[in-house]
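Residue numbers (the numbering used here), protein chains in the order written: chain B, 1 to 402; chain R, 1001 to 1099.
Inspection log for the structure reproduced underneath, given as structure tokens.
Shown next, in the form of structure tokens:
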């Protein structure tokens, strides 16, 4: 009896050690994975999205249909004198064929394959600020928070007057006066002092060294525009009763080119992003055809035993058509401040107003993002409504950036 | 006039970064992931250099600004961490001691 108890005790201890070991290994793996994360996963169930988010390489699995996406977006870097390098990106995606995902097969693209290349420019419709403008904006907004307002119409005049390298109290008072806000220098001094901005008659304005004045940088939206070219290769299985019996289930190849212009806007406030895209694409009506299951049953009889062999194939029935269509896509991505930007919500619309695949679809995606990197989604869920409702579960695969 | 070579680096998944040294905007390179950097020669006359950082991105995005001397010595001069504010911006000015 005592021996059995001891044996049970040792077994339990051994099991606990194994569990502890597994937990340690998992934690170690998690720790290895954590520093290298995936990025822009804000797409719908069909892999469409208009938000260009920076973060180097990424990989993504759409768990629902096993599509794998690999992407790389290179930010162009900032330049001198308003000249900027364009950003560029490439994305590959493929669907499984048999047991593996074939991006390439014998040197040619696999049966379900897509490649998209992008090239874009920052500050396309918005203005890239210089350091003097930023300091002027900080001064005006700091004064505004302390109750010294400058009328919106006069704001630019005040900003122009504040574009000096070495501002002092007199300059600020004169700038406000010329913009129609006449205040006592002592008031200005007190208001700026409250915001950790030191200023007096002779000494230049001094922001508290090392302090982040980002909260005072307002009314400065950021935008970018990009051209995107894409190529899709797909192979579909179709069914038709109107052809000879042996050819009723057949494969149809599809090659589609697309071109679009994509616009992103980070408006004032850092918790949302707008994305719109418009372009032309070669599309087909495969999604609108009826899904059928074709069963071929062959019967073998041997020694009085009847054996049925069933071959089951999924195919779509109907008139397969292709057309070149105009399309528009739109995304609104919101990172609620309540969750410290760890959650991204994507409300989106996809429309193709004409052609063989006419549709208006809308949906919602919810993504979990990396701490301190809201543009790098770890995973998420996306639901696409309109026609056939599609639900996609995404998981980010980290690699690339150290 | 004594001069030193410094490397300024910003690490973070930001939409855009601007760096000014002594009031002049630098040309930043980008590694395609999250590191922006510039190497510049600055005058060592005053014993310090004025740096300003403007970062744009989604609120809550972490960043780190480091400045290191590359020549004649090799040492880190400055390190500052922060994150993008609710406005979608960060703006920091500081004086970096060169000695």
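Yeah, the Cβ is synthetic: ideal placement off N, Cα and C, and Gly gets one too.
query	result
Paired residues, beta bridge with residue 343 (chain B) - DSSP	B:368
Extent of the continuous beta strand (DSSP E) run through residue 329 (chain B)	322-334
Residue 1094 (chain R) burial status per 10 Å Cβ neighbour count (16 or more: buried)	buried
Coarse secondary structure for residue 116 (chain B), derived from DSSP in three states	strand
Per DSSP, the bridge partner or partners of residue 149 (chain B)	According to DSSP, which records beta bridges pairwise, residue 149 (chain B) is partnered with nothing at all.
Under 7 Å by beta carbon: chain B residues contacting residue 1090 (chain R)	212 and 214
Listed by chain order, chain B residues near residue 1066 (chain R) by CB distance under 8 Å	Residues of chain B passing the Cβ test: none, with the nearest at roughly 13 Å.
Distance CB(residue 1021 (chain R))-CB(residue 1051 (chain R)) smaller than 9 Å	yes
Chain-order list of residues whose beta-carbon lies under 6 Å from that of residue 296 (chain B) (same chain, five-residue window excluded)	311
Residue 1047 (chain R): contacting residues in chain B (beta-carbon distance under 7 Å)	Under the 7 Å cutoff, chain B gives no residues; its nearest Cβ is about 15 Å from residue 1047 (chain R).
Pairwise C-alpha distance: residue 341 (chain B) and residue 1070 (chain R)	36 Å
Cβ-based neighbour list, residue 169 (chain B), same chain, cut-off 8 Å, excluding 5 preceding and 5 following	185, 188, 189, 199, 200 and 201
Opening and closing residue of the alpha helix (DSSP H) in which residue 185 (chain B) lies	185-194
Residue 1050 (chain R) - partner residues in DSSP beta bridges	R:1095
Environment of residue 1097 (chain R) [buried if 16+ CB atoms lie within 10 Å]	exposed
is_contact[residue 1097 (chain R), chain B] using C-beta, thresh 9 Å	no
Anticipated Cβ contact below 8 Å, residue 1056 (chain R) with residue 1083 (chain R), distance rounded	Not a contact, Cβ separation roughly 13 Å.
Residue 171 (chain B) (DSSP reduced to helix, strand or coil)	helix
Residue environment, residue 1036 (chain R), which counts as buried when at least 16 other CB atoms sit within 10 Å	buried
Distance CB(residue 331 (chain B))-CB(residue 125 (chain B)) smaller than 9 Å	no
For residue 204 (chain B) and residue 158 (chain B), the rounded distance between their alpha carbons	17 Å
Residue 127 (chain B), buried or exposed, once every other Cβ within 10 Å from all chains shown has been counted against 16	exposed
CB-CB length for residue 162 (chain B) against residue 136 (chain B), believed under 8 Å	3 Å
Interface partners of residue 1061 (chain R) on chain D, CB under 9 Å	Of the protein chains in this structure, namely B and R, none is chain D.
Within 9 Å, strictly: CB atoms of residue 253 (chain B) and residue 282 (chain B)	no
CB contact below 9 Å: residue 337 (chain B) versus chain R	yes
Unbroken beta strand (DSSP E) run spanning residue 1069 (chain R), endpoints	1062-1071
Beta-carbon proximity check, residue 194 (chain B) vs residue 226 (chain B), cutoff 9 Å	no
The region 314-324 of chain B touching the region 237-256 of chain B, judged by at least three CB pairs closer than 8 Å	yes
Cut-off 6 Å between Cβ atoms - residues of its own chain near residue 1078 (chain R), not counting five sequence neighbours on either side	1067 and 1096
Residue 371 (chain B) versus residue 179 (chain B): straight-line alpha-carbon distance, rounded	43 Å
Of the residues B:387, B:277, B:344 and B:359, the one placed nearest residue 379 (chain B), counting alpha carbons only	B:344
Interface flag, residue 1042 (chain R) vs chain B, CB-CB below 9 Å	no
Neighbour flag for residue 222 (chain B) against chain R, beta carbons, 9 Å	yes
Whole-angstrom distance between residue 151 (chain B) and residue 192 (chain B), CA atom to CA atom	18 Å
Outcome for residue 1047 (chain R) when other beta-carbon atoms lying within 10 angstroms are tallied against a minimum of 16	exposed
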